[in-house]
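Asker:
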Amino acid sequence: MKTKSIKEPIRKKWIWVLLFINVVLIVPWYFPEGAVEPFIFGFPLWAFISTFFTLVMGAYLSWLCISQWNIVEEEEEAAKREEEVKHG
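Residue numbers are given in UniProt numbering: position 26 of the sequence shown equals residue 26, and the series is strictly consecutive.
(1) Tell me which residues share the same chain as K12 and place their Cβ nearer than 8 Å to its Cβ, disregarding the 5 neighbours each side in the sequence.
(2) List the endpoints of the continuous alpha helix (DSSP H) containing N22.
(3) Secondary structure at P44, three-state DSSP: helix, strand or coil?
(4) Pick from P32, E83, E82: whose alpha carbon is nearest that of L45?
(5) Below 9 Å between beta carbons: does that hold for T51 and F43?
(6) Can you tell which of N70, E83, A78 has the C-alpha that lies nearest to the C-alpha of P9?
(7) Taking its Cβ as the centre, do 16 or more other Cβ atoms sit within 10 Å of F20, making it buried, or is it exposed?
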């Protein structure tokens, strides 16, 4: 049986730094008050930037879950099933 190394992303500081930067960029607080122009495809620039960084966050979190997070749940469930078969 091939064993995976267990990865806990909560302990990696770079993950939190990138997440914080993305959260800061999602909220367009850095634009001047009342800024509506320029428009991109009919949307104000701040709405376009907010939507873009929301999509970036979704992609980033998906990538983290797929590549940076290996938990032992599958192995624990398999061991539990094997024990149930032996005892039951």
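We treat Cβ as the ideally placed atom computed from N, Cα and C, and that holds for glycine.
Answerer: Looking at the coordinates:
(1) Q68
(2) N22: member of the alpha helix (DSSP H) spanning 13-26, first to last residue.
(3) Strand, per DSSP.
(4) P32
(5) Taking 9 Å as the cut-off, the beta carbon of T51 is found closer than this to the beta carbon of F43.
(6) N70
(7) When all chains shown are included, F20 counts as exposed.
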